Every structure is written in structure tokens, then in C-alpha cells.
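Novice: Read top to bottom, the protein sequences are chains S and E. Per the working numbering, the first sequence starts with residue 1, numbered consecutively. Per the working numbering, the second sequence starts with residue 1, numbered consecutively. Glycine residues also receive a C-beta, built at the ideal position from the N, C-alpha and C atoms. Just so you know, these numbers come straight off a predicted model, no measurement behind them.
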Amino acid sequence: MIAGGINFRAALAIFKNEVMRMFRAVFGSVLSPVITTSLYLVVFGAAMADRVEADPGVSYGAFIVPGLLMLTLLSESTSNASFGIYMPKFTGAIYELLSAPVGFVETLIGFVGAAAAKSLILAAIILGTAALIVDYEIRYPLFALGYIVLIAATFSMLGFIIGLWANGFEKLQIVPLLILMPLTFLGGTFFSIDVLPEPWRSISLINPIVYLVNGLRWTFLGESDFPIAISFAVTVGFLLLCTIIIAVIFKTGWRLRE
Amino acid sequence: MSEPILDIRGLEKTYRGGVKALGGVDLQIERGEIFALLGPNGAGKTTLIGAICGLVRPTAGSVHTFGQDLLKNSKKLRQRIGLVPQEISVDLFDNVIRQVRYSRGMFGCPADETRIEEVLRSLSLWDKKDARINELSGGMKRRVMIAKALAHDPELLFLDEPTAGVDVELRRDMWLQIGKLRERGVTIILTTHYIEEAEEMADRVGIINRGEILLVDNKDAIMRRLGRTEAHFTLAHPLSQLPVSLAKFPLTIESEGTCLIYRGGDGAGKGKREVAELAQILTREDIAFNGLETRDSSLEDIFVQLVAQKQDQAT
């Protein structure tokens, strides 16, 4: 029943269960982020586009599409995965995960995979909606898809860690609202960091979100503030860090087993 | 004797903060039996089950199931173990059948709608299969927990306080279900603080208190070893001392000589025989009595007595 030491049926069961759970509350999990992102696009991308200068030759609306997409990807991936693992902890249903033949790999595929999959669906809806509001194009579609998948997986892992760490609903919100959201806003969602005066430009360079937004923007516009390799390396580095942390959590049972 | 299905040796658990929940538990469970683990609240019953089922990390000791080390072969062995936790711990907003399917998948079993239907029908849940779990009564929710645990056909099933807080009718119904599982060859370990439950269902009983197993034995053997009969003869005339003819019986005189009390027997009929003999001797000796009350000690008396003895020793 378990092939190669991996319980694929369990991974699939968790994945399906999580996807079902997310789409049970379709307004909160799908409509709400789509509407919020669309409003940003209407206000900044359409209404204010003529008054704001972006990169030469690129409309402001097209400029902010990858930034807004990143904003949604980060917040949704993180919150989906954190709620996904926190809720069984809260209700006690985690007993099933702990008593079943399920380990690190199945859990990652199930919880993180479902959160990332939902983010990808959202990304597709947002890109479709954005096309109705502003004119934009994706210069490197395959790179864009790969990068979006990478971001969704990485921040779903971060969310999973937050969900394990949190011992109350308030803690679930601390990282997304007090750290990720401000960093994303300051990370070049609405502007190129080249327009910032010193020392703010230099300070911005320690914000890792800058590199993520920059990477995604490159796949859309073909232009970026830094070489794409740096963005890619930062993302993969963060993904590896999250993977190691989750592996250690499963090894030690921290916040999972008493 | 066949290899035990569960073999626990020196299992210890000390929680952060120094609370010792298990202090070197040794326990062997035979295949096909129903074993009841009795103990007061906080005795370590749930911790013991948690340590076996992967919810709690033991501090020391070993657990072997089906002849293999559970920690080293956890994935393979856990497929054959089921757990019904004490609390209703389930996604209450999901429906019944999806949750049961989910549990089956979690344990690596292929989808099998026929088996899912069988499980739900056996627990009278089939009519409620599409109902949201939070719309069900408390008893039905508990059945859902059992259905989830049975979805992968475990050979070894843990039931942690399966009837805590349920009404008498449902408790009887649960006992029937557990009996049916035994008929199918499932080994069942249940924790309870209802002595009646252990008396009704268990083949063997273990008594646990403060993280230590005080006694493990066949239910009838416990009654034989520790069971007592108590008989109160209300005498018509006060008696100052016992006649020689009664010296062989374990008797005391109380209530200023008006009550003759027998405390003895072995929980297997000896007490009743001696009380009958005693009544005949009293009649023969012209010692009139106008009342007789007899009572056999229950498993509960033995349990209370053992726990009290252990606590006395500790203090």
C-alpha cells in the first residue's frame, strides 16, 4: 500500500481534503483576493496610470501587474498553508495525521501542494481579470509559470511553518500582516526601487521581497532592477531553508508531538 | 503462547516541566482480546495510548506491534492500527462520507466505496452520509470518529474513553459494536473510567494510576484474587463475643454487638457458600437475627481499593 516508503494515497487524501476545505469557503478564499487585486488594478493601473511614471516604454498598469500578483501569491500561499495545518491542531484532528502512516513527504505534498495549487488557480484568475482592466503581456510565459509555481510552493512552506508555530489565531496573522505585507508593499510592488532616494534604495536591498518581485517582473517585462539569477537564487535559497526547517520539525516533533 | 500483538517495555513519558505521566509501563496485549485500561482521570491512560499511536514522544522504553519495533517501522505498522480519540476531533464542516474516505486514504488504502458503505451501515450512519458533521448529535459524531478509525480495517484498535459523556442507550450500542469488532478478530484496547464498561466487555483488565500499571489480569482472576463478599447479620439480641463455632469465619461484631459482619470469600462463590453456612450455624446455635444483607465486591471496589493502597504507599 505504501510505494517506495511514500504513502502517496495519504498525500493525495490530504491534498484533496485541503482543496475541498479551501473551496468550501469560496468567497473568502477565491473571490476576496481576486476582488482586492482587481481594485488595486482599477485604482492604480487604470485610474492613476497617466499620472505615475514607471519604466520607460511600459504602462504603469502593466508595470504593477507582476507586483500585485506577487502580493496575492505571498499572502494567499502563506495564509492557506498556515490555516491548513493550524486548523487540525486547533480542532484536535491532527491526531489522524500523527497516528497515520504519514511523514514529511506526504505532509508536504498534501498541505503545501494544496495551498500552492490554490495560489496557482488564484494567479490564473487574477491574470485573466487583469487582462480585462489593463494591457499587459508576459514576455517569458514559461519562466513566469515556473517562477509563480516556485513562489507559491516556497510561501506555502513558510505558511506551513507559521501554522505549526502558531498557538493562537492571532499568531497566524502576525507574519502575513506585520511582516510580509509591509515588505511586499516596500518591495517594489508599485514602483521600481531605482526611483527611491538614498539611503532608502540601499535599505530596500535587504528586503528579500524586492528580489522576488523583481524576478517576476522580469518574466513579464523582460527588464529588471537586478540580474534574474539573484532573484532566482534568493527564492530557491528560501525554499531550501523552509524545506530544512519543516524536515527538522518532523524529525523532532516540535509543536506536533508532545 | 503466541507472540503478543502489542508488547510495551519500560515505556516512560516525562513532559516538559517535569510531570511524569508514565513511569516505566510494561504491558503485553494478546491478539484478538479486548483489554480495558482502567484508571482515574490523569492516571496516564491517554498518554499511554498517545505514546503508542504517535501522538506523544516517549522519553524511554520500547513498543513492538505485530512483532516489530513500532518506532523503526512506523509507516508499515501504523497502517494496521486504528485510533478513536477521546474528543470529537474532526473537521466539523465536512460531511460524513468524505471524512471517512479521507481517513481510509490517510492509511494508504485504495478507494473502496463498498467498504465505506459497510462501515457506515454498521454504525447506522449510512442515512447521514451526506450530512455535515456539525449537524449531527453528540452520539452520531462519536460514531463518525469510530467509522473513521475503522475505514482502513485496523487489526489493532485503540478506543480512548469511547463512551465518555454518552447516554446509557448509546453506550450499550457502542458495546455491541465493539463486540462485533472482536468477532471479526480485531484486537481492542480501550481506556475507560467506567468500571461497568470493563466488566461488560473486557477479557483482561489493567489498572493504571499515576503512570504505573498496578495490576493486569483476567477479569475473573482479579475477582477471584481480590473479590470479597460482605454480609451483615442484624442480631435480635446483642452479642458480646463470638461463639467458638464461628471462629473459623472472618467475622467482626459492630454496632454495640447488634451487627455481625462477615468479610471474606474469593469473588468466585466461596463467600456466598460461607454466608449460607454461617446462617445455618447461627440458627443452630439459637443466635437470632432479623435481617441479612449481602453484597459482593465489584471490580470498582477492587479498583478503588488498589488505587487507595497505592496512594497510601506513596504518602
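(1) Nearest by alpha-carbon distance to Ile34 (chain E): which of E:Glu87, E:Val186 and E:Asp266 is it?
(2) Look at the alpha carbon of Ile88 (chain E) and the alpha carbon of Arg217 (chain S), and state the distance between them as a whole number of angstroms.
(3) For Thr91 (chain S), which residues in chain E fall below 8 Å Cβ to Cβ?
(4) Note down, in chain order, all residues in the region 46-62 of chain E with a beta-carbon under 8 Å from any beta-carbon belonging to chain S.
(5) Report, in whole angstroms, the separation of the C-beta atoms of Arg263 (chain E) and Pro243 (chain E), which I expect to be a contact under 8 Å.
(6) On the three-pair Cβ rule with 8 Å, is the region 192-209 of chain S touching the region 124-140 of chain S?
(7) Below 7 Å on C-beta distance, what does Ala13 (chain S) contact in chain E?
(8) Using a Cβ-Cβ cut-off of 7 Å, state whether Tyr95 (chain S) counts as contacting chain E.
(9) Distance cutoff 7 Å, beta carbons only. Does Gly187 (chain S) sit that close to anything in chain E?
(10) If you follow the beta strand (DSSP E) that Asp225 (chain S) is part of, which residue opens it and which one closes it?
(11) The beta strand (DSSP E) that contains Tyr262 (chain E), what's its start and end?
(12) Which residues in chain S have a C-beta closer than 9 Å to the C-beta of Cys259 (chain E)? List them in chain order.
(13) Going by DSSP, which residues form a beta bridge with His152 (chain E)?
(14) Would the region 206-216 of chain E count as touching the region 270-283 of chain E if we require 3 or more Cβ pairs under 8 Å?
(15) Taking the DSSP output, what are the residues bridged to Lys180 (chain E)?
(16) For Gln321 (chain E), which of helix, strand or coil comes out of DSSP?
(17) Where does Arg24 (chain S) sit, in a helix, a strand or coil, going by DSSP?
(18) So Leu74 (chain S) and Leu164 (chain S) are in contact, right, with Cβ under 8 Å, and what is the actual spacing, rounded?
(19) Rounded to whole angstroms, what is the Cα-Cα separation between Ala233 (chain S) and Gly215 (chain S)?
(20) Kindly indicate if chain E contains any beta-carbon less than 7 Å away from that of Ser79 (chain S).
(21) Any contact between the region 149-169 of chain E and the region 80-97 of chain E? By contact I mean 3 or more CB pairs, one from each, below 8 Å.
(22) Could you tell me whether the Cβ of Glu258 (chain S) comes closer than 7 Å to any Cβ of chain E?
(23) What are the boundary residues of the beta strand (DSSP E) that includes Thr59 (chain E)?
(24) In three-state terms, what does DSSP make of Glu96 (chain S)?
Specialist: For this structure:
(1) Residue numbering aside, residue 34 (chain E) sits at position 34 when the second sequence is read from its first letter. Looking at the Cα atoms, E:Val186 is the closest of the given residues.
(2) On the second sequence, position 88 is the one that residue 88 (chain E) refers to. On the first sequence, position 217 is the one that residue 217 (chain S) refers to. Near 48 Å, if we compare the C-alpha coordinates of Arg217 (chain S) and Ile88 (chain E).
(3) Residue mapping note: residue 91 (chain S) aligns to position 91 of the first sequence, counting from 1. Near Thr91 (chain S) (Cβ distances below 8 Å), the residues of chain E are Ser89, Val90, Asp91 and Leu92.
(4) Going along the region 46-62 of chain E in chain order, one finds Gly50, Cys53, Gly54, Leu55, Val56 and Arg57 with a Cβ nearer than 8 Å to chain S.
(5) As a working mapping, residue 263 (chain E) is identified with position 263 in the second sequence. As a working mapping, residue 243 (chain E) is identified with position 243 in the second sequence. About 18 Å separates the Cβ atoms of Arg263 (chain E) and Pro243 (chain E), ruling out a contact at the 8 Å cut-off.
(6) No, they do not touch.
(7) For the purposes of this step, residue 13 (chain S) is identified with residue 13 of the first sequence, where counting begins at 1. Here the neighbours are Tyr102, Gly105 and Met106.
(8) In the first sequence, residue 95 (chain S) corresponds to position 95, counting from 1. Yes - at least one Cβ of chain E is within 7 Å of the one on Tyr95 (chain S).
(9) Here the question's residue 187 (chain S) lines up with position 187 in the first sequence. No, Gly187 (chain S) does not count as interfacial toward chain E.
(10) Residue numbering aside, residue 225 (chain S) sits at position 225 when the first sequence is read from its first letter. Looking at the DSSP string, Asp225 (chain S) is not in any beta strand (DSSP E), and its letter there is neither H nor E.
(11) The count along the second sequence starts at 1 and reaches residue 262 (chain E) at position 262. Run containing Tyr262 (chain E): Cys259 to Gly264, per the beta strand (DSSP E) assignment.
(12) Numbered from 1 along the second sequence, position 259 holds the residue referred to as residue 259 (chain E). In chain order: nothing, as chain S lies at least about 52 Å away.
(13) Numbered from 1 along the second sequence, position 152 holds the residue referred to as residue 152 (chain E). Answer by DSSP bridge pairing: none, since His152 (chain E) is not bridged.
(14) Judged by Cβ distances under 8 Å, the region 206-216 of chain E makes no contact with the region 270-283 of chain E, as fewer than three pairs qualify.
(15) For the purposes of this step, residue 180 (chain E) is identified with residue 180 of the second sequence, where counting begins at 1. Its beta-bridge partners do not exist; DSSP assigns none.
(16) Residue 321 (chain E) lies beyond the range of chain E shown here (1 to 315); nothing can be said about it.
(17) Residue 24 (chain S) sits at position 24 when you count from the first residue of the first sequence. The three-state secondary structure of Arg24 (chain S), taken from DSSP, is helix.
(18) Along the first sequence, one-based indexing puts residue 74 (chain S) at 74. Along the first sequence, one-based indexing puts residue 164 (chain S) at 164. That belief does not hold up - the Cβ atoms of Leu74 (chain S) and Leu164 (chain S) are roughly 19 Å apart, past 8 Å.
(19) Residue mapping note: residue 233 (chain S) aligns to position 233 of the first sequence, counting from 1. Residue mapping note: residue 215 (chain S) aligns to position 215 of the first sequence, counting from 1. If I take the Cα positions, the gap works out to 10 Å.
(20) What you label residue 79 (chain S) is simply residue 79 of the first sequence in a count that begins at 1. Interface with chain E (7 Å Cβ-Cβ cutoff): Ser79 (chain S) is excluded.
(21) The region 80-97 of chain E and the region 149-169 of chain E touch, with three or more beta-carbon pairs separated by less than 8 Å.
(22) By 1-based counting over the first sequence, the position of residue 258 (chain S) is 258. Yes, because at least one Cβ of chain E sits closer than 7 Å to the Cβ of Glu258 (chain S).
(23) On the second sequence, residue 59 (chain E) is found 59 positions in, with the first residue counted as 1. For Thr59 (chain E), no beta strand (DSSP E) run applies, since DSSP gives it neither H nor E.
(24) Numbered from 1 along the first sequence, position 96 holds the residue referred to as residue 96 (chain S). Note: Glu96 (chain S) maps to helix in three-state DSSP.
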